[in-house]
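Protein chains in written order, with the working numbering: chain B, 2 to 129; chain C, 2 to 129.
Number of protein chains: 2
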Amino acid sequence: MPPADPHKSLLHGSLDVLVLAILADGPQYGYSLQKKVSEAGNHAIKAGTLYPLLHRMEADGLITPTWEKTTGRPRKWYALTPAGQKALTRQAADWQAALARMQAVVLPALRRVTRFPDAPALTPPEPA
Amino acid sequence: MPPADPHKSLLHGSLDVLVLAILADGPQYGYSLQKKVSEAGNHAIKAGTLYPLLHRMEADGLITPTWEKTTGRPRKWYALTPAGQKALTRQAADWQAALARMQAVVLPALRRVTRFPDAPALTPPEPA
DNA sequence: TGGCGATATATCGAAAATCGATATATTGGC
DNA sequence: GCCAATATATCGATTTTCGATATATCGCCA
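Written out as structure tokens, the structure reads:
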């Protein structure tokens, strides 16, 4: 059912996978998701980013909301739907695969550049 | 000197880190970078995405080009500058940190959902 | 009592990133 | 001769994200 997100790939985002993964552990509401996603990603996610994303995932049938009337501002709890669980299975597996490949490139590069931080810049093989 | 990328965070992108990491192993030209980045990320990156990105990184002083007049279309080789090496050190470290935290969320979720793919969706703690 | 920060959801316009298409040019295979 | 692969580049349209703003309640502190 999800119209298969137009662009936006494994390389970017991670936001969708992260939200789905957090919800796999139990329902959360927007504000708590914002905190958890920010903590997991080591970077603050703005409300203006998260809420439209949640609305899109809800429209795609991946998550389903339940309003809770608490004291204070009411909370909108989101739970994974079966479609959301399937999406998580697929997306998280793809994410792992891409991650492993990227690590194979980034880790050696980080080691090299950390060990020899002042090494001279390399030059092209045989530039004209 | 890089104007400290406006938005675009660790959570997304990875494209910058990946390009810097590949160049840490030696110079590459656009087309070869396109292939290598696509392979590493498990997803095809379009030329219309990569070339503007390379121009931006060049403008930021992270990479420096050298034209090579080969038989066929000439190649523009890119090499890491010292600033590019510093950027790689910082960005790759941040990337690792964010990655470790995200893995801590995604891996258990993937295991749970893979092991019990048809488990009933969880419901909010005490929805009104 | 009054103000402020945290909690909580939501929308809007602006800026940035990415795509998809197109342009240009050479080489090699069929 | 035609098409695919190589190779760099730009352009408009779509999508994403930010930053700001709106609204509302609660608790804290002066």
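In this text, a Cβ means the ideal position worked out from N, Cα and C, and glycines have one as well.
- Annotation note: the segment 9-87 of chain B contains the following uninterrupted beta strand (DSSP E) runs of length 3 or greater, listed N- to C-terminal: 64-69 and 76-81.
- In this structure PRO75 of chain C is exposed. Its beta-carbon is surrounded by fewer than 16 other beta-carbon atoms within 10 angstroms.
- Separation of LEU34 of chain B and VAL20 of chain B (C-alpha to C-alpha, rounded to the nearest whole angstrom) is 7 Å.
- Within 10 angstroms of the beta-carbon of TRP68 of chain C lie fewer than 16 other beta-carbons, which makes it exposed.
- Proximity of chain C to GLN35 of chain B at the Cβ level (cut-off 9 Å) is not reached, the minimal Cβ distance being about 13 Å.
- Sequence-ordered contacts of the segment 103-117 of chain B with chain C read MET103, VAL106, VAL107, ALA110, LEU111, ARG113, VAL114 and THR115 [C-beta pairs closer than 7 Å].
- Ranking C:GLN104, C:MET103, C:LEU51 and C:GLN86 by CA distance to the CA of ASP26 of chain C puts C:GLN86 first.
- Taking C-alpha positions only, SER39 of chain B is separated from ALA45 of chain B by approximately 5 Å.
- Taking C-beta atoms as the reference points, LEU89 of chain C and LEU111 of chain B count as a pair closer than 9 Å.
- A straight line joining the alpha-carbon of THR72 of chain B with that of TYR32 of chain B spans about 15 Å.
- For the C-beta of GLY31 of chain C, not a single chain B residue is nearer than 8 Å; the gap to the nearest is close to 13 Å.
- Under a criterion of Cβ atoms nearer than 7 Å, the residues of chain C adjacent to ALA25 of chain B are, in order, ALA110, ARG113 and VAL114.
- Contacts with chain C at 9 Å (Cβ-Cβ) include LEU16 of chain B.
- Within its own chain, the residues whose Cβ lies closer than 8 Å to the Cβ of LYS77 of chain C, once the five positions on either side in sequence are excluded, are TYR30, GLY31, PRO66, THR67, TRP68 and GLU69, listed in chain order.
- The C-alpha of VAL18 of chain C is placed about 8 Å away from the C-alpha of VAL107 of chain B.
- By the neighbour-count criterion, in which a residue is buried when 16 or more other Cβ atoms sit within 10 angstroms of its Cβ, LYS47 of chain C is exposed.
- Less than 9 Å separates the beta-carbon of ILE64 of chain B from that of LEU24 of chain B.
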